[in-house]
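In the numbering used here, the protein residues as written are 1 to 159.
Right, dumping it as structure tokens:
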């Protein structure tokens with residue numbers, strides 16, 4: 001029987017998402033506990049965290065479809081979801097999580113420019129362990145596999 005590999009959320013960074021302005025906010029989930037809660041007063045951003053994660057999920061599944069049959073509808077859905085949480089013309093959502101022994105970081109950047117909506121998604125997979133200083137802290141890595149994708153295609157890059 002195969003062992004189940006869990007996915008553990010390490011952090012979420014929100015920039016220009018709802019009430020989290022251009023300086024951004026970091027939510028760390030690094031403790032070794034099994035359950036986390038998100039609590040706060042109304043308007044503090046609890047829902048914004050989950051809507052940001054849902055937007056990642058929507059874009060990921062869109063990239064997996066491999067068909068242009070529903071592309072227009074999915075693009076409209078992504079734009080609508082982003083418009084609901086974006087508090088300025090540009091925004092960023094940064095997720096870090098562990099799956100098995102590997103650390104992943106995904107950064108979604110998006111902007112509205114003169115009515116047009118653009119987004120890019122950068123996925124980093126950190127394998128093994130050497131030191132690398134990143135925006136969210138110090139990571140232990142040896143090789144870094146990057147995936148950069150826009151609405152058009154996925155670009156793997158080995159660093």
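Built from N, CA and C at the ideal position, the CB exists for glycine as well.
| Asked | Found |
| --- | --- |
| Neighbourhood of residue 109 by C-beta, 6 angstroms cutoff - its chain only, sequence neighbours within 5 removed | 92 and 120 |
| Continuous alpha helix (DSSP H) assignments of at least 4 residues falling wholly in the region 55-116 | 71-85 |
| Residue(s) in a DSSP beta bridge with residue 11 | 28 and 96 |
| Cβ neighbour criterion (16 or more within 10 Å) applied to residue 76 | exposed |
| Residue of 20, 86 and 124 minimising C-alpha distance to residue 117 | 86 |
| Pair within 9 angstroms by beta-carbon distance, residue 74 and residue 94 | no |
| Beta-bridge pairing of residue 17 - partner residues as DSSP gives them | 20 and 86 |
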